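Protein chains: 2
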Amino acid sequence: MEEKIKIPRGTRDFLPDEMFKRRYVERTIREIFQSFGYKEVQTPTFEHLELFTLKSGEEIIEEIYAFKDKGNRDLALRPELTAPVIRFYVEKMQMEPKPLKLFYIGNCYRYDRPQRGRYREFTQVGCELIGTDTPEAYAELIYLSYTILRNIGLKNIVLRLGNLDIIYSLLENMGVKKNQFRELMHLIDKSKFYELEKKLFEMRVAKSKVKMFREFLNCNSIEKLREFIEAPAVDRFREIIDFLKVFGIDKFEIDMKIVRGLDYYKGIVFEIDAPILGAEKQLCGGGEYELIPLFGGKEVPTAGFAIGFDRAIIALEEEGYVFPEQKLDVYVIPINEKTLKNAIKIVNMLREKNIIADVDLMRRGLAKSLKYASSVKAKKAIIVGPKELEKENVIVRDMDSGKQIEVKMKNLLSMIK
Amino acid sequence: MEEKIKIPRGTRDFLPDEMFKRRYVERTIREIFQSFGYKEVQTPTFEHLELFTLKSGEEIIEEIYAFKDKGNRDLALRPELTAPVIRFYVEKMQMEPKPLKLFYIGNCYRYDRPQRGRYREFTQVGCELIGTDTPEAYAELIYLSYTILRNIGLKNIVLRLGNLDIIYSLLENMGVKKNQFRELMHLIDKSKFYELEKKLFEMRVAKSKVKMFREFLNCNSIEKLREFIEAPAVDRFREIIDFLKVFGIDKFEIDMKIVRGLDYYKGIVFEIDAPILGAEKQLCGGGEYELIPLFGGKEVPTAGFAIGFDRAIIALEEEGYVFPEQKLDVYVIPINEKTLKNAIKIVNMLREKNIIADVDLMRRGLAKSLKYASSVKAKKAIIVGPKELEKENVIVRDMDSGKQIEVKMKNLLSMIK
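Residue numbers (our numbering), protein chains in the order written: chain A, 160 to 576; chain B, 160 to 576.
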């Protein structure tokens, strides 16, 4: 087949079974967000390119699908959804009562080298909590992300909590300047600890302090943190954790190496992993951030998270989760053309009663129709024959057992239900 | 605000209320397709540009968002979904049991002059029926499109049926050559009947025949059609209409001027209008077509339809349809910080029982919290005060009537449900 009529590289088609799974998980996620008082929003698939460079720097152009429209505007397929949703908030929702709880489920695009679990078009689920910065608010946000992953059926997930304000306070105590934070955070993010130490030495931080900072990054409890730093940020971190326990989460790790790789994060940050996925284990990342003033809005506390939908599905599959399957309640088979109209009336009546039903549309024989009925996973077949019709009867066949019984037409509905 | 951080021209953001409506209609449509045995598929947002020019001609580039990827491939945001789904079928589904019933709900893109009800990003709903061409199959397809529009709540819709095979047979009888059909059909599609007559004269068709053809185009019944032409195509048209009546549709118009504007249609064609929308009234169009061989697949009968989702929503609004609203079952308000943890435990318990519940996350006073509760349309508020807590009670307030009662904590759940 010619290249031009094939699917573009790095993208996917979803077959019916896969799609049914995905819609099932999507619906579950939507219901959880709604049960927490979150409301869904949607933004366009493309935005002005500058929206993303403003947020993430010019580097991002490298991995973005950018194009010009016929008005010579620079547009980009969205690589993520926080910038569009915050842009939307600034344009149209600043006057809404706070807190504003917004969620979204949408496709994003990244010009990446295709590899397992990484696609050029992928689905992102996420939310933004706007207008409150109480510890209980952030605890609820973290609890929500955890609840979503648990309630879609994942058995083994690990929540890790970090805090950027604490790291920044400590770096300041060490004499590091604010404009030097970025390159250091980048090295922590990439787990390049040797380069981190080298860079700190270059910044003339004393050897003992560098050693201390390395130890600090390995802290795994609030008590340990207090050995390195006493700051309001530590108290605040503790408060969030206390509320997290009230919400019912007491299994989590403290991980001061969480950076989130983006300049606009601050305060609490968190990630959730599915260890079963190995190197590509991160399913969710989020935290407190500041983006609204950058887009021209009035400053207000914001936090949010994003879940990689595709990776969550892979994790469910790897854990052996049994997804529901699309089934057909009934397949109606007219024995011959004379009973076709009766068969149609039966399938019509069933569909009106919300029974998932289909009817032979190919005028095939009984054997072929039964074969088709099992290929589309019909639970029952209704066989409409002229002899039975005379008695106002039809035959109902259980597709699993193969058992057939003759049923009065007027009793059909109660029998099928 | 700067242009670059505004929404791109011709696209839309959807606020929570609008989004809730859209998801509601989307879910209803999905359930109807599934009740007819259709299965959902999804294809990428962009395809190779050639896929669309191959199907619709080079003209389409004018109204497409086309761009090059970093591998210098010509890509395009999909302007419609039939070409991608048929491409998908040819690549991966040719061996599936027939008939194959596929549906999709997805966004499409057109570089159009923005105007009312026409956006650069819009949602298309549609389906393809592959592998059968019996009259009952096409009747079911038409009935399905009609059922979708009726069951989402539209009261006044008009179904029109046409048939391209009949027009082509008549044109052949008139001595028009096959390679001349296209420009004639184009004029019919645009209702340019004066130009049509002129063109027929140019093609040396006799004046009486041209007059006859104009009359033929105004036929409104099978019986009238038979006065102009006797052809197998007319019998076939009649058979489809007979089955349509068996499915329960007896209100429709015969409209021989339906062309569908696309070269690959043949046989039965149909459109459904919402007259309330005036000039932009068409909600649905479909018919029998031939596209699989063009994409390199083995020839097999195909038919399908597409519904303009955005326009269907506008029609519902114009008809005054009352959409369900997203509501909050319960808003939990701690009177002060001391009852906050109890409030969280209550909201947690309610959410676990699938009650849509939220809790004050801003430590506001009672009055402000009640105001917020009504702004988010909470049905009930649960007020958690220290005095009541001592008696293991809380106060439940009906947000509509303002009536409050004190309730035992252990009876709360049954009271809320």
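Where a beta carbon is used, it is the ideal one built from N, C-alpha and C, also for glycine. If you're wondering where the values come from, they're calculated on a predicted model, not measured in any experiment.
Secondary structure of Asn332(B) (DSSP, three-state): helix. A direct Cα-Cα distance of roughly 56 Å separates Ser367(B) from Arg171(A). Contact between Ile427(B) and Cys443(B) is ruled out by a C-beta separation of about 14 Å, above the 8 Å threshold. Put simply, the CB of Pro483(A) is far from chain B, with every gap to its CB atoms at 8 Å or more.
When 8 Å is used as the limit between beta carbons, Val535(A) is near these residues of chain B: Gly196, Pro256, in chain order. Residue burial is scored here from C-beta neighbours: Thr282(B) has at least 16 other C-beta atoms within 10 angstroms and is therefore classed as buried.
In terms of Cβ geometry, Cys286(A) and Phe402(A) do not form a close pair [threshold 8 Å]. Judged by beta-carbon spacing, Ile451(A) lies beyond the 8 Å limit of Val244(A), meaning their Cβ atoms are not closer than that value. Residues of the segment 512-526 of chain B whose Cβ lies closer than 8 Å to any Cβ of chain A, in chain order: Asn513, Ile514, Ile515, Ala516, Asp517, Val518, Leu520, Met521, Arg522. Scanning the segment 252-295 of chain A from its first residue to its last, the whole beta strand (DSSP E) runs of 3-plus residues come out as 259-268, 280-289. Within the segment 366-407 of chain B, the complete alpha helix (DSSP H) segments at least 4 residues long are 366-376, 381-387, 391-406, listed from N- to C-terminus. Closest option to Gln485(B), judged by alpha-carbon separation, among Tyr183(B), Gly169(B), Arg168(B): Tyr183(B).
Judged by beta-carbon spacing, Lys165(A) lies beyond the 8 Å limit of Gly321(A), meaning their Cβ atoms are not closer than that value. Remark: fewer than three beta-carbon pairs, one from each stretch, lie closer than 8 Å, so the segment 206-217 of chain B and the segment 253-273 of chain B are not flagged as touching. Taking a contact as a CB-CB distance under 8 Å, the pair Leu323(B) and Lys425(B) counts as one, their CB atoms being some 5 Å apart.
Residue state for Leu450(A) is assigned as coil, using DSSP reduced to three classes.
Excluding sequence positions up to five before and after Tyr490(B), its CB lies within less than 6 Å of the CB of Asp517, Ala532, Ala537, Ala540, all in the same chain and listed in chain order. Burial state of Arg470(B) is buried, judged by a 10 Å Cβ sphere holding 16 or more other Cβ atoms.
Using a CB distance cut-off of 8 Å, Met558(B) does not count as an interface residue toward chain A.
In this structure, the beta-carbon distance from Lys227(A) to Ile472(A) does not fall below 8 Å. By the neighbour-count criterion, in which a residue is buried when 16 or more other Cβ atoms sit within 10 angstroms of its Cβ, Gln201(A) is buried.
Taking CB atoms only, Phe205(A) has a neighbour in chain B less than 8 Å away.
Contact check for Leu520(A) against Glu295(B) passes: the beta carbons are separated by less than 8 Å.
When DSSP states are grouped into helix, strand and coil, Tyr423(A) belongs to the coil group. In this structure, DSSP gives Thr170(B) a state outside helix and strand, which the three-state scheme calls coil. Within the segment 172-189 of chain B, those residues whose Cβ lies closer than 9 Å to any Cβ of chain A are, in chain order, Asp172, Phe173, Leu174, Pro175, Asp176, Glu177, Met178, Phe179, Arg181, Arg182, Arg186, Arg189. In this structure Ile316(B) touches Leu308(B) by the C-beta definition: roughly 5 Å separates them, less than 8 Å. Of Leu475(A), Ile399(A), Asp422(A), the smallest CA-CA separation from Phe411(A) is found for Ile399(A).
Using a CB distance below 7 Å, the part of the segment 262-293 of chain A facing chain B consists of Asn266, Tyr270, Glu280, Thr291, Thr293, ordered along the chain. Using beta-carbon distances, Pro167(A) counts as an interface residue toward chain B, with a partner under 8 Å. DSSP lists no beta-bridge partner residue for Ala526(A). In terms of CA proximity to Tyr263(A), Tyr197(A) leads the group Tyr197(A), Thr291(A), Lys314(A), Arg246(A). Nearest CB-CB separation between Tyr423(B) and chain A: not below the 8 Å threshold. With respect to the 8 Å criterion, Ile223(A) and Ala235(A) are classified as neighbours on the basis of their beta carbons. Interface criterion not met: the Cβ of Ala471(B) is under 8 Å from no Cβ in chain A. Under the DSSP definition of a beta bridge, Ile307(B) lacks any partner.
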